[in-house]
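Worksheet: one structure, shown below.
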Amino acid sequence: MNRSKTLRVALVVAALAMATGLPVLAQDNALPPFPKELLDQPEQVTLGVDVFQRTCKFCHGKTAYPGKAPSLKPSRYQPEFVYDRVTNGFRGMPPLKDMLSEKERQAVTVYIMSKDFSN
Ligand code: HEC
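The numbering of the sequence shown is our numbering, which starts it at -14 and goes up by one.
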């Protein structure tokens, strides 16, 4: 594709994005969806347990130093909220996007939202 064609395609994409209000090109920081099929996958839970033990337990586990972090209450959360906190952090919660892959962040979210979760 030559340069002016590339430019025209980019302009059409940008115009479409503005017209529809939808992000036509996937953004790096866009949240992945959490469909039921993903939330039901046992291998997600298995990886999620591992991530939780390695990364979250130190602050969120029941043996953590009291007051270090709130105990997690999944019944009050949507998976997107958990994923966002893990990815971007919030106040005392560190952002973990550089430490955990998207897959690991997704899996730990699935685990927290699952019936197997306990902290
Ligand atoms: C260094 C300590 C630390 C680590 C490690 C940590 N967290 Fe947190 N987390 C916090 C603190 C502190 C808060 C409370 C932030 C606030 O609301 O002020 C928090 C808040 C949260 C919340 C929101 C809780 C709520 O009810 O509002 C979620 C969800 C969460 N953490 C998940 C995780 C997961 C999953 C991991 C591991 C991948 C993790 N955290 C690792 C300290 C930590």
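Virtual Cβ for every residue (Gly too), placed ideally from N, Cα, C.
Examine the ligand HEC and report whether any of its heavy atoms sits within less than 7 angstroms of the Cβ of residue i.
| i | result |
| --- | --- |
| Tyr50 | no |
| Met98 | no |
| Lys58 | yes |
| Gly77 | yes |
| Met72 | Rather than Met, the amino acid found at residue 72 in this sequence is Thr. Not so, every heavy atom of the ligand HEC lies at least 7 angstroms from the Cβ. |
So, with DSSP's three-state summary, where would you put residue i?
| i | result |
| --- | --- |
| Met84 | coil |
| Phe102 | coil |
| Phe75 | strand |
| Ala92 | helix |
Alpha carbons only, please: which of the options is nearest the one belonging to residue i?
| i | options | result |
| --- | --- | --- |
| Thr72 | Pro55, Pro59, Val93, Leu57 | Val93 |
| Glu89 | Gly46, Tyr62, Glu28, Glu22 | Glu28 |
Within the continuous alpha helix (DSSP H) that includes residue i, where are the two ends?
| i | result |
| --- | --- |
| Leu57 | Careful: Leu57 lies outside any alpha helix (DSSP H) and carries neither H nor E. |
Compare the beta carbon distance of residue i and residue j with 8 angstroms and say whether it is the shorter of the two.
| i | j | result |
| --- | --- | --- |
| Gly77 | Ala54 | yes |
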